[in-house]
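Residue numbering for the sequence shown follows this note's numbering, beginning at 518 and increasing consecutively. Don't be surprised by glycine CBs; every beta carbon is placed ideally from N, CA and C.
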Amino acid sequence: MNARNVDDLRRFEKLLAGSSGIGRRSALKTLAATLGAVVLGPTGCRTAPARNEPVAQPATAAGSDAGRVEPLFKISLAEWSLHRQLGAGQLDHLDFPEAAKRDYGIEAVEYVSTFFKSAGADYVGELRRRAVDAGVRSLLIMVDGEGALGDPDEAARRRTVENHYKWVEAARLLGGHSIRVNAQSSGSPEEQLALVADGLRRLTEFAAERDLNVLVENHGGLSSNGAWVVALMKRVDHPRCGTLPDFGNFLPPNAADNAGYDRYAGVAEMMPYAKAVSAKSHDFDESGNEVDIDYRRMIGIVLRAGYRGYVGIEYEGSRLPEPDGIRATKRLL
518 MNARNVDDLR RFEKLLAGSS GIGRRSALKT LAATLGAVVL GPTGCRTAPA
568 RNEPVAQPAT AAGSDAGRVE PLFKISLAEW SLHRQLGAGQ LDHLDFPEAA
618 KRDYGIEAVE YVSTFFKSAG ADYVGELRRR AVDAGVRSLL IMVDGEGALG
668 DPDEAARRRT VENHYKWVEA ARLLGGHSIR VNAQSSGSPE EQLALVADGL
718 RRLTEFAAER DLNVLVENHG GLSSNGAWVV ALMKRVDHPR CGTLPDFGNF
768 LPPNAADNAG YDRYAGVAEM MPYAKAVSAK SHDFDESGNE VDIDYRRMIG
818 IVLRAGYRGY VGIEYEGSRL PEPDGIRATK RLL
């Protein structure tokens with residue numbers, strides 16, 4: 518990045534600092550227009566862009582699109598945002614891609630494994646067909662309930678790795694770029710690091726053969742400590758192993774055994790390995806801001822890291838109905 522680009526980025530930071538509420542959207546547009554034809558950085562932060570991960574580029578087509586600049590990131594929708602509707606049978610998993618576009622104007626989705634009725638080719642193929650028909654990209658599958666990748670028992674750890682294989686194949690069939698896993702284990706932090714790294718490396722090698730990534734989210738336990746996740750990435754040391762930073766999910770300040778973990782520091786630590794980002798939200802004030810998370814600050818961290826992929830809405834609140842929470846989060850982004 519040359520001196521002019523550095524000045525542009527500083528100008529962007531001032532715009533963010535001076536804007537309030539939803540007004541930061543204009544700040545982002547201003548930065549994009551200022552940068553013009555310059556691409557600020559790669560999609561993700563360790564490797565070349567994986568499929569379905571866009572890089573911000575100015576449009577060059579003639580006509581009305583001439584001079585149009587693509588956004589610095591695109592918005593996707595995490596299926597968990599609709600977990601109450603899905604659990605109540607108000608929405609079928611197979612209809613999720615269509616609903617994302619029809620109801621929210623979002624054209625990329627992130628699935629949750631527990632909502633699949635099957636990981637078989639027929640069921641997943643039908644989901645792919647519906648997503649394609651709706652014009653929606655399938656980005657990744659968040660995998661839960663398949664065991665501990667860092668199980669201290671060698672046989673159990675191997676079974677857990679193998680349990681994830683079907684989700685790698687499902688993500689591949691859907692045309693996605695990744696699966697998200699949980700860095701679950703037991704023992705001391707050092708013991709868990711070694712155990713999870715072993716299981717994660719085995720699974721990543723399987724996924725890499727299929728051109729897919731395996732991502733670790735801050736999602737409970739030691740994974741809610743950004744420094745520990747970074748140590749895990751360094752231990753695995755594979756270009757197909759990355760992170761999915763979540764704006765929430767870090768150890769809270771009132772946790773009984775620690776002083777909490779700063780969410781902004783945690784996201785910043787995880788961003789160099791990020792291949793997806795989760796915009797967690799719970800509630801909003803009268804100005805439309807998330808009550809616990811400074812979205813201006815978070816998006817600044819994401820962009821300064823050079824990330825140009827999708828930022829996925831993951832509304833998890835209870836006060837607003839799920840559709841309203843999704844739309845409120847989208848307005849923030």
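Please tell me whether residue i and residue j are closer than 7 Å, where the distance is taken between their beta carbons.
i, j, result
"A636", "A687", "yes"
"A651", "P614", "yes"
"A617", "V653", "yes"
"D802", "R836", "no"
"G693", "L656", "yes"
"L739", "P762", "no"
"N680", "G704", "no"
"E753", "R727", "In the sequence on display, residue 753 carries Val and not Glu. Cβ atoms of V753 and R727: not closer than 7 Å."
"Y812", "A791", "no"
"Y781", "R814", "yes"
"G759", "S702", "no"
"L732", "A793", "yes"
"R689", "N730", "no"
Quick one: measure Cβ to Cβ for residue i and residue j, integer angstroms, because I've assumed they're closer than 8 Å.
i, j, result
"P789", "A822", "6 Å"
"R674", "L712", "7 Å"
"W745", "L768", "W745 to L768, Cβ: 10 Å. No contact."
"G737", "T677", "The Cβ separation is near 16 Å, so there is no contact."
"G477", "K797", "An answer regarding residue 477 cannot be provided, because it is not within the stretch 518 to 850 covered by the chain."
Spatial neighbours of residue i within its chain, please: CB distance less than 8 Å, with the 5 preceding and 5 following residues excluded, ordered by chain position.
i, result
"K900", "In the structure as shown, the chain starts at 518 and stops at 850, and residue 900 therefore has no counterpart that could be examined."
"G662", "S630 and T631"
"V660", "S630, H681, W684, I696, R697, V698 and N699"
"A595", "V626, E627, V629, M659, S795, G829, I830 and E831"
"V755", "It should be noted that the sequence gives His, not Val, for residue 755. Closer than 8 Å at Cβ, skipping near neighbours: R718, T721, E722 and A725."
"P669", "S702, S703, G704, E708 and L712"
"D809", "G765, H799 and D800"
Can you give me the Cβ contacts of residue i inside the same chain, cut-off strictly under 6 Å, excluding the 5 residues immediately before and after it?
i, result
"A648", "P614 and S655"
"L691", "R645 and S655"
"G743", "G783, E786 and M787"
"K546", "Only weak support is given to the placement of K546: the predicted model assigns it a pLDDT of 42, under 50, and the value that follows is read from those uncertain coordinates. Counting only Cβ-Cβ distances below 6 Å, and skipping sequence neighbours, we find nothing."
"M750", "Y790"
"E734", "R697, L761 and D763"
"G834", "H799, D800 and G842"
"S581", "Only weak support exists for where S581 lies, its pLDDT of 47 falling under 50; the coordinates are left without a value."
"W597", "V629 and E831"
Please report whether the beta-carbon of residue i lies at a distance below 7 Å from any beta-carbon of chain B.
i, result
"E671", "Here chain B cannot be found, since the structure has a single protein chain."
Hey, is residue i close to the ligand HEM, as in C-beta under 6 Å from one of its heavy atoms?
i, result
"D754", "Among the components of this structure there are no ligands whatsoever, and the ligand HEM is therefore not found."
Leaving out five residues before and five after residue i in sequence, what residues of the same chain have Cβ atoms less than 7 Å from its Cβ?
i, result
"P840", "D620"
"A714", "L749, R752 and V753"
"P838", "none"
"Q602", "L608 and E839"
"E643", "L611"
"I741", "This sequence places Ser at residue 741; Ile is not what is there. Answer for S741: N735, N766, F767, L768 and Y778, listed in chain order."
Where in the region 742 to 800 do unbroken runs of the beta strand (DSSP E), each at least 3 residues long, occur, reported from the N-terminal end onward? 758 to 761 and 794 to 798
What are the complete beta strand (DSSP E) segments, minimum 3 residues, inside the region 616 to 666? 625 to 629 and 654 to 659
Any alpha helix (DSSP H) of 4 or more consecutive residues that is wholly inside the region 661 to 749: 671 to 680, 682 to 691 and 706 to 725
Which complete alpha helix (DSSP H) runs does the region 581 to 610 hold, if anything under 4 residues is left out? 600 to 604
Can you list the beta strand (DSSP E) stretches of 3 or more residues lying completely in the region 798 to 842, in chain order? 827 to 832
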